[in-house]
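K.L.:
Counting from 1 along the sequence shown, just add 2 to a position and that's the residue number in this note's numbering.
All C-beta atoms in this analysis are idealised placements derived from N, C-alpha and C, irrespective of residue type, glycine included.
Input: one structure, supplied below.
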Amino acid sequence: MWTTSVPWWEFVVRGAVVYVFLLVFLRLTGKRQTGQFAPFDLVLLLILSNAVQNSMNAGDNSLIGGLISATTLIICHVALAWLTFRFPRVERLVDGRPQVLVQDGQLDSALMRQELLSTSDLQAALRAGGCLELHEVERATIETNGQITVVLKRRESAR
Numbered sequence: 003m004w005t006t007s008v009p010w011w012e013f014v015v016r017g018a019v020v021y022v023f024l025l026v027f028l029r030l031t032g033k034r035q036t037g038q039f040a041p042f043d044l045v046l047l048l049i050l051s052n053a054v055q056n057s058m059n060a061g062d063n064s065l066i067g068g069l070i071s072a073t074t075l076i077i078c079h080v081a082l083a084w085l086t087f088r089f090p091r092v093e094r095l096v097d098g099r100p101q102v103l104v105q106d107g108q109l110d111s112a113l114m115r116q117e118l119l120s121t122s123d124l125q126a127a128l129r130a131g132g133c134l135e136l137h138e139v140e141r142a143t144i145e146t147n148g149q150i151t152v153v154l155k156r157r158e159s160a161r
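Now the structure itself:
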């Protein structure tokens, strides 16, 4: 329980490498994957965590090894949060940039394909934003977290 089969520093190196790998991998899969979890997305994350477990612990099931791995992941997460807060270029690299899906009622179909957004995903976001039709939208933006924000066109007040 207290004896590790590999040196402590190997847990740190393995944990950091897996953290960076998963960060890059998930970043490359697009905003939709991180911002809008469907049941299959959750299943993927659970299976992914199991798949990388042995690469992090080198087959070691000791309590100390698990605590070192967990501490390494938390430190990586806190360090990344600090770096993205402190350096805007790192934030853009890690989080990406918001992108406009709809501008003045015109849909950017290429961006929809790039982000793997279905028409039903967009329609759900429009409904949540208080509209039913594209022509009502001044701008719809997919944010860095995968959420879609909608700004409606101004309606002329009835006199």
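Taking only runs of the alpha helix (DSSP H) that begin and end inside the stretch 112-138, which ones reach a length of at least 4 residues, in chain order?
P.N.:
You should have 121-130.
K.L.:
Under 8 Å between the Cβ atoms of tryptophan 11 and isoleucine 66?
P.N.:
The residue labelled residue 11 in the question sits at position 9 within the sequence shown. The residue labelled residue 66 in the question sits at position 64 within the sequence shown. No, Cβ-Cβ distance for tryptophan 11 and isoleucine 66 is not below 8 Å.
K.L.:
For alanine 112, count neighbouring Cβ atoms within 10 angstroms of its own Cβ and tell me buried if that reaches 16, exposed if not.
P.N.:
Here the question's residue 112 lines up with position 110 in the sequence shown. Exposed, since its Cβ has fewer than 16 Cβ neighbours within 10 Å.
K.L.:
On the criterion of 16 or more Cβ atoms from any shown chain inside 10 Å, does leucine 124 qualify as buried, or is it exposed?
P.N.:
Reading the sequence shown from its first residue, position 122 is the one you call residue 124. Classification for leucine 124: buried.
K.L.:
Leaving out the 5 sequence neighbours to the left and right, which residues in its chain are closer than 6 Å to isoleucine 70 when beta-carbon positions are compared?
P.N.:
Numbered from 1 along the sequence shown, position 68 holds the residue referred to as residue 70. Taken in chain order, the residues that qualify are Trp10, Phe13.
K.L.:
Measuring straight from C-alpha to C-alpha, what distance separates asparagine 63 and valine 15?
P.N.:
Residue mapping note: residue 63 aligns to position 61 of the sequence shown, counting from 1. Residue mapping note: residue 15 aligns to position 13 of the sequence shown, counting from 1. Roughly 17 Å between the two C-alpha positions.
K.L.:
Under a Cβ-count criterion, where at least 16 other Cβ atoms within 10 Å of its own Cβ denotes burial, should glycine 17 be classed as buried or exposed?
P.N.:
To locate residue 17, count along the sequence shown from 1; it is residue 15. When all chains shown are included, glycine 17 counts as buried.
K.L.:
For the pair the stretch 89-101 and the stretch 132-151, tell me if three or more CB-CB distances fall below 8 Å.
P.N.:
As far as the Cβ criterion goes, the stretch 89-101 touches the stretch 132-151, which means the pair count is three or higher.
K.L.:
At 3 residues or longer, what runs of the beta strand (DSSP E) sit wholly inside the stretch 78-116?
P.N.:
If we require 3 residues or more, the beta strand (DSSP E) runs fully inside the stretch 78-116 come out as 101-105.
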